[in-house]
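Mapping of the sequence shown onto this note's numbering: position 96 corresponds to residue 107, and the numbering continues sequentially without gaps. The beta-carbon is built from N, C-alpha and C at its ideal position, and this holds for glycine as well.
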Amino acid sequence: MEQWEAVSSNQWFVLIEEKVTKGQSVQWALTARQPAGGDAEQARRLAAEVALAHQPQQAKRIKGRQVFQTGPDNWLVVVAGVKGEFHFRVSVGLLTAVTTS
Numbered sequence: 012m013e014q015w016e017a018v019s020s021n022q023w024f025v026l027i028e029e030k031v032t033k034g035q036s037v038q039w040a041l042t043a044r045q046p047a048g049g050d051a052e053q054a055r056r057l058a059a060e061v062a063l064a065h066q067p068q069q070a071k072r073i074k075g076r077q078v079f080q081t082g083p084d085n086w087l088v089v090v091a092g093v094k095g096e097f098h099f100r101v102s103v104g105l106l107t108a109v110t111t112s
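1) Tell me, please, whether the region 40 to 48 touches the region 76 to 94 by the rule of three or more beta-carbon pairs shorter than 8 Å.
2) So what does DSSP say about leucine 106, is it helix, strand or coil?
3) Could you round the C-beta distance between valine 61 and valine 25 to whole angstroms and report it? I think they count as a contact, below 8 Å.
4) List the residues that DSSP assigns as beta-bridge partners of asparagine 21.
5) With distances taken from CA atoms, which of Phe99, Lys94 and Thr42 is nearest valine 78?
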């Protein structure tokens with residue numbers, strides 16, 4: 012049976028989702044979950060910086076990037092690499108619950 016653990020309020024995180032290679036398959040996965048403090052605006056600033064600086068696993072050498080803010084807490088980043096284009100998502104999230112079993 013799952014049990015809920017209390018979480019302290021205002022635990023913001025920056026989340027990165029991207030394609031990763033596992034053996035011969037490619038999957039969409041959460042590759043980073045970075046604590047961003049207790050302030051939503053601070054977390055958004057950090058996420059915007061991450062969108063500009065993150066080195067995606069699929070692109071070894073980045074030739075350029077386009078950063079699109081698709082919502083107040085979401086960015087879609089298109090990266091031009093040597094072998095083509097790749098994309099990843101950066102989101103800001105508020106931790107609201109933790110369960111254990």
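According to the data block:
1) No: fewer than three Cβ pairs fall under 8 Å.
2) It is coil, neither helix nor strand.
3) Yes, valine 61 and valine 25 are in contact; Cβ-Cβ is about 5 Å, under 8 Å.
4) Paired residue(s): none; asparagine 21 is not in a bridge.
5) Of all alpha-carbon atoms in Phe99, Lys94 and Thr42, the one lying nearest the alpha-carbon of valine 78 is that of Phe99.
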